[in-house]
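To get the working numbering, take the position in the sequence shown, counting from 1, and add 15.
Everything on this sheet refers to the single structure shown next.
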Amino acid sequence: MHILHLHSTFQPGGKELRAARLTNAFGPAVQHTIVSAVPDALGAASAVDPAITV
Numbered sequence: 016m017h018i019l020h021l022h023s024t025f026q027p028g029g030k031e032l033r034a035a036r037l038t039n040a041f042g043p044a045v046q047h048t049i050v051s052a053v054p055d056a057l058g059a060a061s062a063v064d065p066a067i068t069v
């Protein structure tokens, strides 16, 4: 399964941190792609487990 996460920004906030928690919950068995409309706004990526390839 591949989940595409689309965000206006991926700065730490409610929906962004929820997406990070869901990514962690699914774990490495699911492929994840995160797209931010503001390419440099990826602060919430630090909440994703480093063992998971995004």
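The beta carbon of each residue, even a glycine, is placed where N, CA and C say it ideally should be.
Values in this document were obtained by computation on a predicted structure and should not be read as measured data.
Spatially closest choice to residue i from the options, by CA coordinates
i: Thr68; options: Ala56, Gly42 and Asp55; result: Gly42
i: Asp55; options: Ala62, Asn39, Phe25 and Leu32; result: Phe25
i: Gly28; options: Ser61, Leu19 and Ile18; result: Ser61
Collapsed DSSP secondary structure at residue i in the structure displayed
i: Thr38; result: helix
i: Leu21; result: strand
i: Pro43; result: helix
i: Gly58; result: helix
i: Gly28; result: coil
Residue i: first and last residue of the uninterrupted beta strand (DSSP E) it sits in
i: Val50; result: Gln46 to Ser51
Status (buried if at least 16 other CB within 10 Å, exposed otherwise) for residue i
i: Thr48; result: exposed
The ligand GDP heavy atom lying under 7 Å from the CB of residue i
i: Ile67; result: Within the structure as shown, the ligand GDP is missing, as the structure has no ligands at all.
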